[in-house]
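Participant:
Residue numbers (the numbering used here): 17 to 187.
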């Protein structure tokens, strides 16, 4: 969340934040997660939407299918561009969101997303495609207009990202 806020500040914009889960973590990994109750999360979203104009939505880690439903309702209300970063695991490997959340992301948020930005591992988990290119195509087929499968989590010295946009693929 802090990185997203800093990115907004660097672009001279203001981030309005709603928390989906609290974590216990250090620089290596996450050791515990505490999902925020969906009613509390909804109240947070309502408060920030009432406080300022929302020009876009950026989604990160989501803790439950009920949170996905709530977020989908807000996306439908706000009708603004949506960036979906489907965070399923921490950098150290700890699971942040299980299969029920992953399925809800695919069913309810991917079709509403303007752009999705999974890393290669997340793209494989969401699609069961071994190849990031096939995963990008599969995620795009769900209705998302653009899919950027990032390769920073892959082995090797060179990072290869795969950008799929409306039936076109670039590396």
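Here a beta-carbon is modelled for each residue, glycine too, at the ideal position from N, C-alpha and C.
1) Pick helix, strand or coil for residue 144, following the three-state DSSP scheme.
2) Please confirm whether residue 39 and residue 50 have their CB atoms less than 9 angstroms apart.
3) Checking the sheet assignment: what are the DSSP bridge partners for residue 105?
4) Touching or not, the segment 26-39 and the segment 74-94, by the rule of three or more beta carbon pairs under 8 angstroms?
5) For residue 182, which residues from the same chain have a beta carbon less than 8 angstroms from its beta carbon, with the 5 sequence-adjacent residues on both sides left out?
6) Report yes if the C-beta distance between residue 94 and residue 75 is below 9 angstroms; otherwise report no.
7) Who are the near neighbours of residue 24 in its chain, counting only those whose CB is closer than 8 angstroms to its CB and skipping five residues on each side?
8) So residue 165 and residue 113 are in contact, right, with Cβ under 8 angstroms, and what is the actual spacing, rounded?
9) Nearer than 8 angstroms: is that true of the beta carbon of residue 56 relative to any heavy atom of the ligand MG?
10) What residue from 130, 158, 41 has the CA that sits closest to residue 119's CA?
11) Per DSSP, what kind of secondary structure is residue 135 in: helix, strand or coil?
Facilitator: In terms of the structure at hand:
1) If DSSP states are grouped into helix, strand and coil, residue 144 belongs with coil.
2) For residue 39 and residue 50, yes; Cβs fall inside 9 angstroms.
3) 111.
4) Cβ pair count under 8 angstroms is three or more, so yes.
5) Cβ within range, chain order: 156, 161, 162.
6) No, the pair does not count as a contact, with Cβ atoms beyond the cut-off.
7) Correct list, in chain order: 30, 31.
8) A Cβ-Cβ separation of about 18 angstroms leaves residue 165 out of contact with residue 113 under the 8 angstroms criterion.
9) The model depicted lacks the ligand MG and carries no ligand whatsoever.
10) Across the set 130, 158, 41, the C-alpha of 158 shows the shortest separation from the C-alpha of residue 119.
11) Residue 135 carries a strand assignment under DSSP once its states are collapsed to helix, strand and coil.
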